[in-house]
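If you read the sequence shown in our numbering, its first letter stands for residue 121, the second for the next number, and so on. Glycine is no exception: its CB is placed at the ideal position from the N, C-alpha and C atoms.
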Amino acid sequence: MDIQDVKEKWNRNNNLLFSRESVCLQELLRLMRIQNHKTLALWALTCAQQPARILKERYPTDTRQEAALALSTQWAAGHIKMPAAKQAILQVHAMAKELSNPADIALCHAVGQVCSAVHVETHAIGLPIYELTALVREYGLKACKPALSRRIAEYVSCLHACAGEAESPGRQWAGFLQDDTRPNKEQLLWERKHNQK
């Protein structure tokens, strides 16, 4: 696994160690660019259970990450409107400002980004950007590769599963997520960037 770009960010003391340009995320991003919005929302909300669980273990009396995920799931299903979920999402980001552990701060932002993916699919990549940053902070730069490889493989596997599950009969989606004619915004970002070269 190539994490040279991560090492460079680490050496520059960047808060975020991953980005859309990270070499190790390119296959995942390629797969994300061909998904519809509801698949990416489902994928993000599903994968976010792991960072939310870690935060719950470390901060058992703080329920902000759970509330944000629950409300965002309801929003994606069309049971509530964005303002209720938005307040909960902002509270998860506020939780990050109260913490001192860099890994936990990144996990809070990972959950917040995931919840925002219900609104715009380009937020979905925020999950690996922040969660993988947390893993590097947790394991250290020299020992993080196995954990990163494992988690990226889990992202890819989950994305494949969610692609089918998002279309399953009986699954409820908000009206704005049912419109599969809209172009994938992650794909549009990629095209814009690569057409400028």
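Val234 and Ala190 closer than 8 Å at C-beta: Taking a C-beta distance under 8 Å as the contact criterion, Val234 and Ala190 do not qualify as a contact pair.
Nearest candidate by alpha-carbon position, reference Arg173, set Leu279, Leu268, Glu251: Nearest option by C-alpha distance: Glu251.
C-alpha distance - Ile225 paired with Glu241, whole-angstrom precision: Cα to Cα, the separation comes out at about 22 Å.
Closest Cα partner of Glu306 within the set Gly232, Asp299, Lys127, Leu148: Here the closest residue by C-alpha is Leu148.
Sequence-distant residues of its chain with Cβ nearer than 7 Å to Ala294 (five each side left out): For Ala294, where only same-chain residues beyond five positions count, the Cβ hits under 7 Å are Trp195, Ala196, Ala197, Gly198.
Selection from Ser142, Arg153, Ser192 that minimises the alpha carbon distance to Thr166: Among Ser142, Arg153, Ser192, the Cα nearest to that of Thr166 belongs to Ser192.
CB-CB length for Ala230 against Leu255, believed under 8 Å: Incorrect: roughly 10 Å between the Cβ atoms, too far for contact.
Residue nearest to Tyr179 in terms of C-alpha spacing, selected from Cys228, Phe296, Ala263: Distance from the Cα of Tyr179 is smallest, within the candidate group Cys228, Phe296, Ala263, for Cys228.
Straight-line gap, Lys265 to Asp122 (C-alpha atoms, nearest Å): Across the structure, Lys265 and Asp122 are spaced so that their CA atoms are roughly 9 Å apart.
C-alpha gap between Lys127 and Glu274, whole angstroms: Rounded to whole angstroms, the separation of the alpha carbons of Glu274 and Lys127 is 22 Å.
Gln169 to Arg153 span [Cα, whole Å]: About 22 Å.
Neighbour-count burial assignment, Thr181, 16 or more Cβ in a 10 Å radius: Result: exposed.
Helix, strand or coil at Phe296 [DSSP, three-state]: Phe296: helix per DSSP, three-state reduction.
Cβ-Cβ separation, Leu160 to Ala237 (assumed contact under 8 Å), whole Å: The beta-carbon distance between Ala237 and Leu160, rounded to whole angstroms, is 6 Å. This is short enough to meet the 8 Å contact definition.
Reduced DSSP category for Ser139 - H, G, I as helix; E, B as strand; rest coil: Three-state DSSP puts Ser139 in coil, outside helix and strand.
Closest by C-alpha distance to His157, when choosing among Arg312, Met202, Gln298: The option with the nearest alpha carbon to His157 is Gln298.
Boundaries (first-last residue) of the alpha helix (DSSP H) holding Cys278: That run of the alpha helix (DSSP H) goes 265-285.
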